[in-house]
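Residue numbers (numbering that gives the first Met the number 0): 0 to 287.
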Amino acid sequence: MENPNRYFLIASILLISTFCRSYEEMSMAEDKAILKLKASETFFQEYYTNDPKDSTKIHWLSTGCNKSNRKPILIFIHGSPGNWVNYLKYLTDPQLLEKYCMYAVDRPGFGKSSSPIPNVNLQADRISTSLLQLIDPKGKLIVLLGHSYGGPVAARMASTSPEIFTHLFLLAAAMDPKFEEVRWYNKIADTGFGKWILPEEWTHSNSEMLSLKEQLEILTQEWKKIKSHTVIVQGEDDGLVDARNTEFIRAEFSPQTELEIILLPKEGHFIPWKNFDLIRKLLLDILK
0 MENPNRYFLI ASILLISTFC RSYEEMSMAE DKAILKLKAS ETFFQEYYTN DPKDSTKIHW
60 LSTGCNKSNR KPILIFIHGS PGNWVNYLKY LTDPQLLEKY CMYAVDRPGF GKSSSPIPNV
120 NLQADRISTS LLQLIDPKGK LIVLLGHSYG GPVAARMAST SPEIFTHLFL LAAAMDPKFE
180 EVRWYNKIAD TGFGKWILPE EWTHSNSEML SLKEQLEILT QEWKKIKSHT VIVQGEDDGL
240 VDARNTEFIR AEFSPQTELE IILLPKEGHF IPWKNFDLIR KLLLDILK
């Protein structure tokens with residue numbers, strides 16, 4: 000007789016996978032996203048950079064930019080798992096295209112970027128190094144937006160380069176180590192069976208989750224270095240990132256940091272998609 004536990008594990012992992020891919024941009028294949036970009040007649044460019052430290056290849060896609068770009072720059076950092084496609088709706092939005100030059104990255108180990116790096120600090124370093132190969136930040140308003148795991152990556156970028164990033168948006172960002180316990184499904188995914196059944200990007204994602212608590216504990220002292228105008232958007236009913244992360248951010252960021260916290264009643268983890276109109280408005284409001 001077949002082992003019933005095998006089917007329970009498969010069902011559990013697939014259920015989690017489905018839950019975490021509730022919106023089209025979260026599960027859309029990249030080739031389909033490219034077709035949508037072309038159909039929208041949005042001008043876009045793709046870039047690859049190589050890090051001189053370890054040859055990490057980072058992939059970016061930009062919209063609304065040109066060689067003589069003088070517009071503010073908006074940078075998107077996706078969660079775990081994910082890729083640039085997660086921000087397709089933003090990258091093709093006429094209002095944002097009019098006001099911003101936008102870049103969306105594939106974090107290391109996801110999309111077309113190589114070499115998974117399950118370390119917030121090292122990822123932030125590699126992405127910042129890569130970004131500076133693409134843009135000249137001098138004199139520009141530069142907005143950094145991170146969702147979920149992309150939140151602490153974006154925050155670390157802002158803390159190490161406060162002279163570059165003028166604004167920081169953290170959407171459902173996992174910042175407080177107290178709430179980042181390893182969950183039962185992380186343990187399953189870390190087994191040989193879990194690694195066998197899960198797609199590669201999910202095993203990379205699980206590696207990030209397993210070490211996140213320890214990394215956030217180390218980084219806590221670094222958040223006071225953030226000088227960016229910071230906007231926090233958090234759902235009160237988020238089942239993946241505890242809403243009390245906002246209290247941690249208020250306590251650990253510098254009192255000199257201009258901080259705006261928006262708590263959304265009855266909202267969950269998928270703020271960039273479900274609350275697109277709100278996030279777009281906030282991004283446009285900072286330009287007024």
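From the three backbone atoms N, C-alpha and C, an ideal C-beta is built for every residue, glycine too.
Residue i: first and last residue of the uninterrupted alpha helix (DSSP H) it sits in
| i | result |
| --- | --- |
| V152 | G149 to T159 |
| Y47 | No alpha helix (DSSP H) contains Y47, which is instead part of the beta strand (DSSP E) from F43 to N49. |
| I225 | Counting along the chain, I225 falls outside any alpha helix (DSSP H), and DSSP gives it neither H nor E. |
| I278 | F275 to D284 |
| S61 | Segment K56 to T62 is the beta strand (DSSP E) holding S61; no alpha helix (DSSP H) there. |
| I213 | Note on residue identity: the sequence assigns Glu, not Ile, to residue 213. Element bounds for E213: E199 to L218. |
| E24 | E23 to S26 |
| E29 | E29 to A38 |
| K88 | L87 to L90 |
Assigned exposure category for residue i - 16 Cβ within 10 Å defines buried
| i | result |
| --- | --- |
| N82 | buried |
| T217 | Rather than Thr, the amino acid found at residue 217 in this sequence is Ile. With fewer than 16 other Cβ atoms within 10 Å, it is exposed. |
| D135 | exposed |
| L13 | Summary for L13: the model assigns pLDDT 40, below 50, so the residue's position carries little reliability; its value from the coordinates is reported in the next sentence. Burial call: exposed. |
| P3 | In this predicted model, P3 has a pLDDT of only 42, less than 50, meaning its place in the structure is not dependable; the value taken from the coordinates is given anyway. Under this definition P3 is an exposed residue. |
| D175 | buried |
| A173 | buried |
| E213 | exposed |
| P151 | buried |
| L289 | Examination of residue 289 is not possible in this model, given that the chain is present from 0 through 287 alone. |
| T17 | Because T17 sits at a pLDDT of 40, beneath the cut-off of 50, its placement in the model cannot be relied upon, and the point is left open. |
Inter-residue spacing [alpha-carbon to alpha-carbon] between residue i and residue j
| i | j | result |
| --- | --- | --- |
| K139 | I163 | 8 Å |
| F109 | A123 | 15 Å |
| I126 | A103 | 11 Å |
| T165 | R106 | 21 Å |
| L209 | Q220 | 21 Å |
| E179 | S67 | 43 Å |
| S114 | Y22 | 27 Å |
| T55 | N85 | 22 Å |
| K273 | M27 | 16 Å |
| K70 | G191 | 48 Å |
| G267 | M25 | 15 Å |
| P264 | L131 | 38 Å |
| L34 | G145 | 25 Å |
Proximal residues to residue i (C-beta, below 6 Å), its chain only, five neighbours per side dropped
| i | result |
| --- | --- |
| L36 | F43 |
| T41 | T62 and T91 |
| D50 | R125 and T128 |
Check whether residue i and residue j have beta carbons under 7 Å apart
| i | j | result |
| --- | --- | --- |
| F275 | K88 | yes |
| A171 | I270 | yes |
| I76 | I141 | no |
| G78 | G149 | yes |
| P93 | S204 | no |
| P117 | E207 | yes |
| T256 | I225 | yes |
| L277 | K98 | no |
| T48 | S129 | yes |
| V230 | E259 | yes |
| I57 | S112 | yes |
| W222 | F252 | yes |
Same chain, Cβ closer than 8 Å to residue i, neighbours up to 5 away in sequence not counted
| i | result |
| --- | --- |
| L60 | F43, Q44, E45, Y46, W83, L90, Y102 and A103 |
| L143 | I74, I76, A153, M156, A157, F164, H166, L167, F168 and S227 |
| L95 | G63, L73, Y89, M101, R279, L282 and L283 |
| N120 | R155, Q214, I217 and L218 |
| E1 | Confidence at E1 is low in this model, with a pLDDT of 41, below 50, so its placement is unreliable and the value that follows should be read with caution. Taken in chain order, the list of residues that qualify is empty. |
Segment limits, beta strand (DSSP E) that includes residue i
| i | result |
| --- | --- |
| L133 | Neither: L133 is in no beta strand (DSSP E) and is coded neither H nor E. |
| L239 | Looking at the DSSP string, L239 is not in any beta strand (DSSP E), and its letter there is neither H nor E. |
| M101 | C100 to D105 |
| L144 | I141 to H146 |
| F168 | H166 to L170 |
Proximal residues to residue i (C-beta, below 7 Å), its chain only, five neighbours per side dropped
| i | result |
| --- | --- |
| L262 | Q233, E235, A242 and T245 |
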